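> Chains as they are written, first to last, in the numbering used here: chain E, 1 to 308; chain B, 309 to 571; chain Z, 572 to 894.
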């Protein structure tokens, strides 16, 4: 692949790493399968794009995008904890509603941002570094910052309470944790991250589109599961890093697939590739363990032979 | 100190599976008293505990902690004053969290949680000292995930967690039932010691009449959602298992729960 | 842990070697096509471009490198395709449909870009104005000549007072078109009534909502509505409300008439622009083009089924009369 494609994969990988971290919080920490993200990703894009085009400061617009995402996540959580709707269903309901809301926000299905001043505009003017390298570096640093923030939070008293809520809600309650509040908080944080990713993506992409959220949950899950299969998850930090890595890896594989000459693969084959990747990722740990066990048996028998 | 009045709890009300588990049960436990609760299956022992802890709501009746009525308080709100050790060691601890993190979680039971670091260095020395009292070597394994420990070890830690902060009431729900006899004995002795040294008010459900008499100040028996008998003090200290059975038969028909009779 | 690390290292090695081992076949010109999704209309555009280039002497495999990638509807993929193309440095990038065009303009800032099948290039911020293409971006818009369509409808049905439109508010192009319909409608004495259909399954409900309120129905070039057109035709025939369309294929499927264009011709127009750039002209000297060829398609039998008789004059003007 050429360097543009490589840095492009890094850039998209780092932006979607925020989605991977969000899915890490909802799916792994809170044990809450959350489809809201298919709606909160374009929500963040819609809010940011509409506000920027309306003349607001891009920084303010991006913050508002996060708040909108937080609101969406809270609604899903509220449907689940207060109205006792199954978490998956609750998230689907919010996702469906967000489609109409996004259309309203953008007053149409698409809001163009090309040529408009965004958060990324300063990066276009660095003489030493061309934009296609500056963007991934900037996003990489930003994602690292968010990662540190997430880890710091999960290690705080409230963060620990949230982890207990997902792992063992009954025990958490017996220890004074308001689990309903924790679920709402966790879902708010998760979807704020997704909306942030959407806002940043729209600003780098040049537009916000109402359909841009389709499949985001699959990308997030593929990133988390793929990263877990390849990297250690022993500590929280390592686990979150694995998710970020998974996101970048996913984009690298897509970039490879676009290099049609290499494998005869085309972008059209992407859904199939994603399915194969995720299946491999789920199966990999078992395969690895079996291979390790076989290796050990072989090594042990060889050692025994050497000793005799 | 702890008072329940006229508790009525029916599960699956209005369906063919309707089951009246507690039928007008009233009980008052003064401060510092250690009460053991026995009864056959379905007698309502665990339900009584769940009503006091807040996990089950009542159709009729009230629950008081001191002068405060807490009948409608949710579990987490009662948790600042009520500590609990579950029957299943897996329920009482968080498998994926470390020993230190589990303890930190319990440490914050009575406080408002903040964004400050949970597993504070300042707590470490206290945790290590407390773990040392268990004599299981756990004080050297603070950062190990608690899922690596055996059931007995986890139950010991659960007990420790319950006693990390002051409480008005300690609830023990057949907490030795899932353990082998040797570990069960160890945990029971530990329980007795903690309750005595901290002068706790405690309610312990047990399936064993023998165990019920070996610890505590007072023993009550539940049968079909009502109080079958209630003994304490001098009279109780002279009683053995057989005496309890006769006491039961005075007012009730055949008691046919083998496990209760033989353990 | 070591197995994981070596997998990771192996993976990195693969990526970098992939870049190193790819050799482009020697080609005189290199045209890269990014399309948002596979779709008959968009595929026809692509074919139009290819045919024009072939007629001008550029053939794939001989002296033309032709790299076509579809984003499968995912904007993130369109973004990665655009970035890949930016690095491949083709002579021209052809971007078919608005999302792919926006991604191309955002990422391939130094490549020549020709967009096609974009209804509102100014609204999509691809160019500042139709006669102000940017230094590397120009293209062909498929904006329907709405004014002409409404004039034609009024010509065929002078007594019509209200016009119903069915569209998917989730399609940017349709939203632009409806705005134009509402703008031009009153100038032709037509009151405009909207019915929305977010999915192709909602099309019939939308059509039914117009019954009794409108004298005639107009279907814009909306992917959702066109894909489920037969449902509308059935309802309109029963209610005797004539249906006019914005594209000619719909006339074969039962619409009364269309002053249409077809996407293959749009593709050919685009191909001419690409050819001009390959021959050395700069995009900034090529204004954005709209539909040049309109053709009248009529379907007198369908009209009769909807209670409308087309007069001989109109039929004689038609390029094609559907039997």
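A virtual CB, placed ideally from N, CA and C, is assigned to each residue, including glycine.
A quick note: this is a predicted structure, and the numbers were derived from the prediction, not measured.
1. Along the region 154-182 of chain E, what residues have a CB closer than 8 Å to any CB found in chain B?
2. Go through its chain and collect everything with a Cβ distance to residue 394(B)'s Cβ below 8 Å, but skip five positions before and after it.
3. What residue does the beta strand (DSSP E) around residue 328(B) start on, and which one ends it?
4. Among residues of its own chain, excluding the 5 on either side of residue 888(Z), which ones have a beta-carbon nearer than 7 Å to its beta-carbon?
5. Classify residue 6(E) as helix, strand or coil using the three-state DSSP reduction.
6. Could you tell me whether any Cβ in chain E is nearer than 7 Å to the Cβ of residue 423(B)?
7. Rounded to a whole number of angstroms, what is the C-alpha to C-alpha distance between residue 596(Z) and residue 676(Z)?
8. Nearest-angstrom Cα distance between residue 462(B) and residue 454(B)?
9. Considering only DSSP beta bridges, list what residue 540(B) is partnered with.
10. What is the DSSP secondary structure of residue 643(Z), reduced to helix, strand or coil?
11. Do residue 112(E) and residue 207(E) have their C-beta atoms within less than 7 Å of each other?
12. Would you kindly work out how many angstroms separate the C-alpha atoms of residue 128(E) and residue 748(Z), rounded to a whole number?
13. Residue 427(B) to residue 235(E), Cα distance in whole Å?
14. What is the DSSP secondary structure of residue 475(B), counted as helix, strand or coil?
15. With a threshold of 16 other CB atoms inside 10 Å of the CB of residue 415(B), please say whether the residue is buried or exposed.
16. What are the residues of the region 728-749 of chain Z that lie near chain E, defined by any Cβ-Cβ distance shorter than 7 Å?
17. Considering only the beta carbon of each residue, do residue 23(E) and residue 220(E) sit closer than 7 Å?
18. Is residue 317(B) close to chain E, meaning its C-beta is less than 7 Å from at least one C-beta of that chain?
19. Residue 664(Z) lies in the alpha helix (DSSP H); which residues open and close that run?
20. Going straight from the alpha carbon of residue 162(E) to that of residue 795(Z), what length do you get?
21. Please confirm whether residue 725(Z) has its beta-carbon closer than 7 Å to some beta-carbon of chain E.
22. Helix, strand or coil for residue 512(B)? Go by DSSP, reduced to three states.
23. Flag residue 94(E) as yes if its beta-carbon sits less than 7 Å from any beta-carbon of chain Z, otherwise no.
24. Exposed or buried, which one is residue 757(Z) when buried takes at least 16 other CB atoms within 10 Å?
25. Taking three-plus beta-carbon pairs below 8 Å as touching, is the region 114-130 of chain E in contact with the region 47-58 of chain E?
26. Nearest-angstrom Cα distance between residue 216(E) and residue 19(E)?
27. Taking buried to mean at least 16 other C-beta atoms within 10 Å of its own C-beta, is residue 339(B) buried or exposed?
28. How should residue 734(Z) be labelled, buried or exposed, when 16 other C-beta atoms within 10 angstroms of its C-beta is the threshold for buried?
29. In angstroms, rounded to a whole number, what distance separates the CA positions of residue 443(B) and residue 403(B)?
30. Would you call the region 692-702 of chain Z in contact with the region 718-727 of chain Z, where contact means no fewer than 3 C-beta pairs closer than 8 Å?
31. Would you grab the beta carbon distance between residue 799(Z) and residue 781(Z) for me? Rounded to a whole angstrom, and I think it's under 8 Å.
32. Just to check my reading of the structure: residue 254(E) and residue 270(E) have Cβ atoms closer than 8 Å, yes? What is that Cβ distance to the nearest angstrom?
33. Have a look at the DSSP bridge pairing and note the partners of residue 816(Z).
34. On the criterion of 16 or more Cβ atoms from any shown chain inside 10 Å, does residue 875(Z) qualify as buried, or is it exposed?
Result, derived from the coordinates:
1. Within the region 154-182 of chain E, the qualifying residues are 155, 156, 157, 158, 159, 160, 161, 163, 164, 167, 168, 170, 171, 172, 173, 174, 175, 176, 177, 178, 179.
2. The residue labelled residue 394(B) in the question sits at position 86 within the second chain. Contacts found: 400, 466, 481, 483.
3. One-based indexing of the second chain puts residue 328(B) at position 20. From DSSP, the beta strand (DSSP E) with residue 328(B) extends over 327-337.
4. Position 317 of the third chain, counted from the first residue, corresponds to residue 888(Z). 867, listed in sequence order.
5. Residue numbering aside, residue 6(E) sits at position 6 when the first chain is read from its first letter. It is helical.
6. To locate residue 423(B), count along the second chain from 1; it is residue 115. Yes, residue 423(B) counts as interfacial toward chain E.
7. As a working note, residue 596(Z) is residue 25 in the third chain. As a working note, residue 676(Z) is residue 105 in the third chain. Confidence at residue 596(Z) is low in this model, with a pLDDT of 37, below 50, so its placement is unreliable and the value that follows should be read with caution. Rounded to whole angstroms, residue 596(Z) to residue 676(Z) spans 26 Å at the Cα level.
8. Here the question's residue 462(B) lines up with position 154 in the second chain. Here the question's residue 454(B) lines up with position 146 in the second chain. Approximately 7 Å between the Cα atoms of the pair.
9. On the second chain, position 232 is the one that residue 540(B) refers to. Partner(s): 526(B).
10. Numbered from its first residue, the third chain carries residue 643(Z) at position 72. Residue 643(Z) sits in coil when the DSSP states are folded into three classes, being neither helix nor strand.
11. In the first chain, counting from the first residue as 1, residue 112(E) sits at position 112. In the first chain, counting from the first residue as 1, residue 207(E) sits at position 207. Yes, the Cβ-Cβ distance between residue 112(E) and residue 207(E) is below 7 Å.
12. As a position in the first chain, residue 128(E) is number 128, starting the count at 1. As a position in the third chain, residue 748(Z) is number 177, starting the count at 1. C-alpha separation (whole angstroms): 44 Å.
13. For the purposes of this step, residue 427(B) is taken as residue 119 along the second chain, with counting starting at 1. For the purposes of this step, residue 235(E) is taken as residue 235 along the first chain, with counting starting at 1. Rounded to the nearest angstrom, the two C-alpha atoms are 14 Å apart.
14. Taking the second chain and counting its residues from 1, the one referred to as residue 475(B) is at position 167. Secondary structure of residue 475(B) (DSSP, three-state): coil.
15. Indexing the second chain from 1 puts residue 415(B) at position 107. Under this definition residue 415(B) is a buried residue.
16. 740, 741, 742, 743, 746
17. On the first chain, position 23 is the one that residue 23(E) refers to. On the first chain, position 220 is the one that residue 220(E) refers to. Taking 7 Å as the Cβ cut-off, residue 23(E) and residue 220(E) qualify as a contacting pair.
18. Walking along the second chain from the start, residue 317(B) turns up at place 9. False, the Cβ-Cβ gap to chain E never drops below 7 Å.
19. As a position in the third chain, residue 664(Z) is number 93, starting the count at 1. First-last for residue 664(Z): 663-667, but that is the beta strand (DSSP E), not the alpha helix (DSSP H).
20. As a first step, residue 162(E) must be located in the first chain, where it is residue number 162. As a first step, residue 795(Z) must be located in the third chain, where it is residue number 224. Approximately 44 Å between the Cα atoms of the pair.
21. For this step, residue 725(Z) is matched to residue 154 along the third chain. Chain E contact via Cβ: absent.
22. Translated into the one-based positions of the second chain, residue 512(B) becomes position 204. Here residue 512(B) sits in strand by DSSP.
23. Numbered from its first residue, the first chain carries residue 94(E) at position 94. False, the Cβ-Cβ gap to chain Z never drops below 7 Å.
24. One-based indexing of the third chain puts residue 757(Z) at position 186. Result: exposed.
25. Touching, yes.
26. The residue you call residue 216(E) lines up with position 216 of the first chain. The residue you call residue 19(E) lines up with position 19 of the first chain. Residue 216(E) and residue 19(E): Cα-Cα distance of roughly 8 Å.
27. Counting from 1 along the second chain, the entry for residue 339(B) is found at position 31. Exposed is the label assigned to residue 339(B), since fewer than 16 other Cβ atoms lie within 10 Å of its Cβ.
28. On the third chain, position 163 is the one that residue 734(Z) refers to. So residue 734(Z) ends up on the buried side.
29. If you number the second chain from 1, residue 443(B) lands on position 135. If you number the second chain from 1, residue 403(B) lands on position 95. Answer to the nearest angstrom: the Cα atoms are 21 Å apart.
30. no
31. Along the third chain, one-based indexing puts residue 799(Z) at 228. Along the third chain, one-based indexing puts residue 781(Z) at 210. So it is not a contact: roughly 15 Å between Cβ atoms.
32. Here residue 254(E) refers to the residue found at position 254 of the first chain. Here residue 270(E) refers to the residue found at position 270 of the first chain. The Cβ separation is near 6 Å, so the contact holds.
33. Counting from 1 along the third chain, the entry for residue 816(Z) is found at position 245. Beta-bridge pairing by DSSP links residue 816(Z) to 790(Z), 829(Z).
34. By one-based count along the third chain, residue 875(Z) stands at place 304. Residue 875(Z) counts as exposed, since fewer than 16 other C-beta atoms from the protein chains shown sit within 10 angstroms of its C-beta.
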